[in-house]
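Protein chains in written order, with our numbering: chain A, 2 to 626; chain B, 319 to 660.
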């Protein structure tokens, strides 16, 4: 039994000429099954979902094909069950018939749980609205139904959540609220457009589990739009791969993963970093960096400490609540100590709010730590960053450079590529005008960009090209340390591999040192020599990459690793082992790892070079000594 | 919430104190005062008979005392020459030298009319600009949008007094409304009656439109821009995906978000409407405080000017308080988001 039958769908955009975003796409969604539409950004996968929902933006229109939706309505009070097939493509977007289906029989959840809910209305109001609209419920009935839905999506406290506002909830809970909203009228089809892309891995795993549970309970079909093969492998029964608006391959999940036919699909599967990858990633659009463009390799003896972080604490004051209430403060980093060695890539991993970016900023000396020291090697001695000022500080800034997360907002749109890459040299007054121009050309070749692009402006570059401009800019001053803050999380899978390979090549050939901040363990695993895991401002585990990934000691690291979806059908997520949210609660960790609020995080070294935060174990060792 | 309102009101007291000091200081900046100017004038004319009386008045109003003492006597924090506290705090708003009357008698009629006129204008601005702004934003780049944009620019660009004169002529020609003033001449000084009210309403039309046009045009532009920003937000798509009709979507979600700047603006509107309408009031011969204030400032009738300015300041502060309370009621992020990191 087919719920949705997409036949030869064509969607065209009328803006600066005619663009075919979706070209002759056909697939069908069976009842109770999940179909994943996979592709990179711009492939037209989201346009398909918008066409089904009747939510296409004004310049787009359905130019051909049909969307047959089999609408088997269960008997509602006073109405008999009805069955029938409608062609959604033929319904005007704003017609009463389309509105009756939208949100009622077909519902949708979106990528950004932070912005998908109105900040001014309570959760209960926004969820209950669908019930009032489609089911004719009065306010009290809608509230009751909303409470049931919140229970269905496993809200910790449904009664309180009814009157909560979105900004009072975490990202994961907001996405749960979105799912509850979509489930309100028990739709036949749920469209999930990148439902977990903006979430942390542990939350992602919980949401995926929830989607599967709810699907089993209500027996609905899911159309899953995603670029993440890890998610696909764990959710999809059937897969449709789209490329430039066309379906390039279609089949059951088993077929797609075991016998990919189309070269694009094969390339896409190879571009995803997974654990224990021995081989190099093969990007879809490979680039050839000219590694001699950097000049001579970076100095320093590999393995020698370059930066020393010693029990650093950074607390932030919260906004005052009242005239007389004492200001509260929160510790973003709590007694963190580690070193960064010359020539290594230290991966700093943690979920959002774990303090990893704050840590990177402390090393950049964006602010002075509340207590503790960050020191840098100067020749044979050490220099505390807090003592730097004036010319010394400027000199330190040359030694540490930053690659940003978002390649779109980190480049000034009014500067050409030439000016962007040359700017650090202008600021630090390095070289002459002529030598700078030559250096900028070398840097372009170093990151595999054609020097012809120098006169271009950022808006005409793709995301990957922009990120490479960002890397070239960070390398312009020949820094000792490159801080990469989530450098690939805003990029497509295909481009991600390209940038990761570039970073790996640069490091190997040029003896660069990286601090690589990321929430994606697979990415960190691919690049890092050592991994540091942070949770709630504490460093919980630190060790060589292989040791941390293959033999994680800390329960939090274990939870993180369990939650990473693998693009492999034979290694599905172990949903049973996901302990709902408890993994990131330090006081719920088992002995000897438990950390009461305010307790000192003590690191012990059970294996050489492999540290773990275990206060109780430390006490045992001390008592024995 | 109650604590918040109380805290806000407590904050108004020092604000008002500082404003009153500033007002008094600025009014006294020009050399001399009303009485010393009179004395100089009389001296120049060689009439010394009434000088003694004026000198007596100066002492009587403590005009020869130092600045802080004069200020404190005015506000009522210091006993005046009569020996006891008798200032604004005690309900004595001062003496107008020019009109030779207590200030409250000079302004009592005009203040009420000013408030009525301002209120009508604010209402006019909001009632006209909201539907047009919503229409322009939801049908961006349509003929209607262009039409209203064009009208709006004309509204912004036309000098108010010119528009006022034209409208006065038209009203007189076609509706027989008498020119100038806020009521027909026969009602001036008459007790309140239904006919007088109707006459006031008929006379309110022109000044309201004239004073409100520029504000309306500006507000349409701002509402359109704010709403356009919000219309592309994700939560609007979410609301559409729920199956709400377009009208309900816009009224319930993006409009609510676009409202904040306008509510925050209530406090700012009041002083600009009082001071901005001075020229119009002069041209249209409206009995509002604007022309009175202008005259008082010119002749250094300091207690009259000081009281009017203080009154406007109080109105502004009350407007701010109202807009803050409304914002807190309408936006949960302001009401509840106190504990987020700064």
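From the three backbone atoms N, C-alpha and C, an ideal C-beta is built for every residue, glycine too. This one's a predicted model, so the numbers in the text were calculated from it and none came from an experiment.
Quiz item: For the putative contact between residue 312 (chain A) and residue 332 (chain A), defined by C-beta atoms under 8 angstroms, what is the C-beta separation to the nearest angstrom?
Solution: Not really, about 12 angstroms apart at Cβ, beyond 8 angstroms.
Quiz prompt | chain B contact for residue 109 (chain A) (CB, 8 angstroms cutoff) | solution = Under the 8 angstroms criterion on CB atoms, residue 109 (chain A) is classed as interfacial with respect to chain B.
Quiz item: Beta-carbon of residue 528 (chain A) versus every beta-carbon of chain B: anything under 8 angstroms?
Solution: no
Quiz item: Can you list the residues of chain B that residue 166 (chain A) reaches, using a CB-CB cut of under 8 angstroms?
Solution: Neighbours of residue 166 (chain A) on chain B, chain order: 650, 651 and 654.
Quiz prompt | Separation of residue 240 (chain A) from residue 47 (chain A), as counted between CA atoms | solution = Residue 240 (chain A) has its alpha-carbon roughly 15 angstroms from the corresponding atom of residue 47 (chain A).
Exercise. Taking all protein chains shown into account, decide if residue 550 (chain B) is buried (16 or more other Cβ within 10 angstroms of its Cβ) or exposed.
Key: Note on residue 550 (chain B): under 16 other CB atoms within 10 angstroms of its CB, so exposed under the neighbour-count rule.
Quiz item: Is the distance from the Cβ of residue 444 (chain A) to the Cβ of residue 422 (chain A) below 8 angstroms?
Solution: With contacts defined by Cβ atoms closer than 8 angstroms, residue 444 (chain A) and residue 422 (chain A) form a contacting pair.
Self-check item: Chain-ordered residues of the region 562-583 of chain B with a beta carbon less than 7 angstroms from chain A
Solution: 562, 563, 564, 571, 574 and 575
Practice problem: Check whether the Cβ of residue 660 (chain B) lies closer than 8 angstroms to any Cβ atom in chain A. | Solution: With a pLDDT of only 34 at residue 660 (chain B), under 50, the local geometry of the prediction cannot be trusted, and no value is derived from it.
Exercise. Closer than 6 angstroms by C-beta to residue 519 (chain A): which residues in its own chain qualify, once you throw out the five before and the five after it? Chain order, please.
Key: 487 and 525
Practice problem: Go to residue 318 (chain A), then tell me how far its beta strand (DSSP E) extends in each direction, as first and last residue. | Solution: 306-318
Self-check item: Helix, strand or coil at residue 433 (chain A) [DSSP, three-state]
Solution: coil
Quiz item: Going by other Cβ atoms of all chains shown within 10 Å of its Cβ, with 16 needed for buried, is residue 72 (chain A) buried or exposed?
Solution: buried
Quiz item: Considering only C-alpha positions, which residue in the set A:269, A:181 and A:164 is nearest to residue 496 (chain A)?
Solution: For the set A:269, A:181 and A:164, the Cα lying nearest the Cα of residue 496 (chain A) is the one of A:269.
Quiz item: In three-state terms, what does DSSP make of residue 1 (chain A)?
Solution: With chain A covering 2 to 626 only, the question about residue 1 (chain A) has no answer from this structure.
Quiz item: According to DSSP, what are the bridge partners of residue 346 (chain A)?
Solution: A:515
Practice problem: Taking all protein chains shown into account, decide if residue 308 (chain A) is buried (16 or more other Cβ within 10 angstroms of its Cβ) or exposed. | Solution: buried
Quiz prompt | Integer Cβ distance of residue 28 (chain A) from residue 251 (chain A), believed to fall under 8 angstroms | solution = 6 angstroms
Exercise. Taking only beta-carbon positions, decide if residue 502 (chain B) is within less than 8 angstroms of chain A.
Key: Under the 8 angstroms criterion on CB atoms, residue 502 (chain B) is classed as non-interfacial with respect to chain A.
Practice problem: Report the residues of the region 43-64 of chain A with a CB closer than 7 angstroms to any CB of chain B, ordered along the chain. | Solution: 54 and 56
Self-check item: Cβ pair residue 341 (chain A), residue 356 (chain A) closer than 8 angstroms
Solution: no
Practice problem: Return the residues of the region 524-555 of chain B that lie within a Cβ-Cβ distance of less than 8 angstroms from chain A, sorted by chain order. | Solution: 551, 552, 553 and 555
Self-check item: Contact list for residue 353 (chain A) against chain B, beta-carbon separation under 8 angstroms
Solution: In chain order: nothing, as chain B lies at least about 14 angstroms away.
Quiz item: Under 8 angstroms Cβ-Cβ, which residues of chain A neighbour residue 390 (chain B)?
Solution: Result: empty, since nearest Cβ-Cβ is about 28 angstroms, beyond 8 angstroms.
Quiz prompt | Beta-carbon gap between residue 603 (chain B) and residue 498 (chain B) smaller than 8 angstroms | solution = yes
Quiz item: Counting pairs of Cβ atoms below 8 angstroms between the region 397-404 of chain A and the region 469-481 of chain A, do you hit three or more?
Solution: yes
Quiz item: Cα separation between residue 280 (chain A) and residue 434 (chain A)?
Solution: 42 angstroms
Practice problem: Give the range of the alpha helix (DSSP H) segment to which residue 410 (chain B) is assigned. | Solution: No alpha helix (DSSP H) contains residue 410 (chain B), which DSSP labels as neither H nor E.
Self-check item: Inter-stretch contact at 8 angstroms, needing at least 3 Cβ pairs: the region 595-612 of chain A / the region 224-242 of chain A
Solution: Taking 8 angstroms as the limit for Cβ pairs, the verdict is that the region 224-242 of chain A does not touch the region 595-612 of chain A.
Quiz item: Given that a residue counts as buried once 16 or more other Cβ atoms are within 10 Å of its Cβ, and exposed if not, what is residue 408 (chain B)?
Solution: Taking every protein chain shown into account, the CB of residue 408 (chain B) has fewer than 16 other CB atoms within 10 angstroms, so this residue is exposed.
Quiz item: Which residues in the same chain have their Cβ closer than 7 angstroms to the Cβ of residue 556 (chain A), if we skip the five residues on either side of it in sequence?
Solution: 584, 590, 591 and 594
Self-check item: Members of the region 109-136 of chain A near chain B, C-beta cut-off 7 angstroms
Solution: 109, 111, 113, 116, 117, 118, 119, 120, 121, 130, 131, 134 and 135
Exercise. Using a Cβ cut-off of 8 angstroms, pull out every chain A residue sitting near residue 419 (chain B), in sequence order please.
Key: Neighbours of residue 419 (chain B) on chain A: none; closest Cβ ~44 angstroms, over 8 angstroms.
Quiz item: Roughly how many angstroms separate the alpha carbons of residue 549 (chain A) and residue 533 (chain A), rounded to a whole number?
Solution: 9 angstroms
Practice problem: Look at residue 426 (chain A) and residue 437 (chain A) and say whether their C-beta atoms are less than 8 angstroms apart. | Solution: yes
Quiz item: DSSP three-state call for residue 533 (chain B): helix, strand or coil?
Solution: Helix at residue 533 (chain B).
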